[in-house]
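Sequential numbering from 422 applies to the sequence shown in the numbering used here. A short write-up of the structure that comes next.
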Amino acid sequence: VISLDDDGAAGGAADRRGGGGTAGGEESRRALERQIAAAARQRQTLRAGHILPAAAFADEANESEEKCLRGGHDALKAVAAHDSVGGGEVYSDVASAAHLAAGTLPKAAQLKALRAHLEQAKRTLAAALPSLGSLLEGTVKAGFDVGGAYLGFCSERAIVVNLAPLLRRWNEAGTPVELLLTLAHEAAHLLSRGGAHDSAWRQTYDELIQAAIVAGVGPAPGAFAGVGRRA
C-alpha cells in the first residue's frame, strides 16, 4: 500500500495507536481525518479527474487476491439511464446498456431503490466524516455489470459499485447495510492508495464503519449480523 504521508506527517493507517478507550477512539478519528486530508492533497497532484496515482495500479498487478483496483472501467460504458431506474448515469455492461437507457430492464423499480440506497450510503459516510464526503463527491458511480460477481472497484477516476449482484439477491432489510460496507471497503482502498487487503487497509475500513456508528448516522452494530462483509 502506498503511504499517504508524502509530507512527512505522522498518521498513516499502519502507525495508528488505538485502544478501546475514548482517547484511543479520538486518536483513531484524528488519524483518519489526516489520511483523508492527505488523499485530498495528493489528488491535486494527479491528472484532472483522476482519484488514484498510476503506481497504485502497478502494485495491484502484483496482488493475487480479488482485484479492487482496475485500470479504466473494464468493459463498462457510461449510460444515460432511464427515469424508471433512477435517471442519471450508470456504468453498464454492453448487453444491459440499451435496456438501462430505454427503461426496459427487468426489476427496474428495485434497481432504482438500490441506487437510492447507494446515495444514502454516501450521505451516511459524509455525515460521519464531512471531509470524506467532499472527497467522494462525484467519485462514486452506480455500476450494473450482470456478468460480474464483484460488488465494487476503484478505477483511475471513480469508485464503481456494482448493483447487479444485489439485484439478483434482493434483500430490502440487508441491502442498505451491505452497500454501506461496500462503499467503505472501496473508500478504504482509495485512502490507503492500494488494492491490498492488509492491516493498514483493514484498520482504515474498520474506522470508517466505526465513525458512522459513533456519529449515530450508520447502522447499529447488531445490524451487521447475517450480512456478508466483503473482507
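Quick reminder that beta carbons are idealized off the backbone N, C-alpha and C, glycines included.
{"Item": "Can the beta-carbon of F574 be found less than 7 angstroms from the beta-carbon of V511?", "Value": "no"}
{"Item": "Quick check on S555: buried or exposed, where buried means 16 or more other Cβ atoms within 10 Å of its Cβ?", "Value": "exposed"}
{"Item": "With a threshold of 16 other CB atoms inside 10 Å of the CB of D504, please say whether the residue is buried or exposed.", "Value": "exposed"}
{"Item": "Taking the CB atoms as reference points, tell me whether L612 and T596 lie closer together than 7 angstroms.", "Value": "no"}
{"Item": "From A605, L453, E454, pick the residue whose C-alpha is nearest to that of R561; which is it?", "Value": "What sits at residue 561 in the sequence shown is Val, not Arg. Comparing Cα-Cα distances from V561 to each of A605, L453, E454, the minimum goes to A605."}
{"Item": "By the 10 Å Cβ neighbour count, where 16 or more other Cβ atoms means buried, how is W591 classified, buried or exposed?", "Value": "exposed"}
{"Item": "Within the continuous alpha helix (DSSP H) that includes E510, where are the two ends?", "Value": "First-last for E510: 510–513, but that is the beta strand (DSSP E), not the alpha helix (DSSP H)."}
{"Item": "Over what stretch of residues does the alpha helix (DSSP H) that includes G595 continue unbroken?", "Value": "First-last for G595: undefined, no H or E at that position."}
{"Item": "Can you tell me whether T603 is buried or exposed, with buried defined as 16 or more other CB within 10 angstroms of its CB?", "Value": "buried"}
{"Item": "Starting from the Cα of R578, find the closest Cα among E448, R464, A452, R451 and give me that residue.", "Value": "R464"}
{"Item": "Could you check where the beta strand (DSSP E) with A499 kicks off and where it finishes?", "Value": "498–501"}
{"Item": "Using CA atoms only, rank isn't needed, just tell me which of S552, A502, V500, L532 is closest to R451.", "Value": "S552"}
{"Item": "By alpha-carbon positions, which one of Q541, C489, K498, G568 ends up nearest to A519?", "Value": "K498"}
{"Item": "What does DSSP give as the partner residues of I457 in its beta bridges?", "Value": "According to DSSP, which records beta bridges pairwise, I457 is partnered with nothing at all."}
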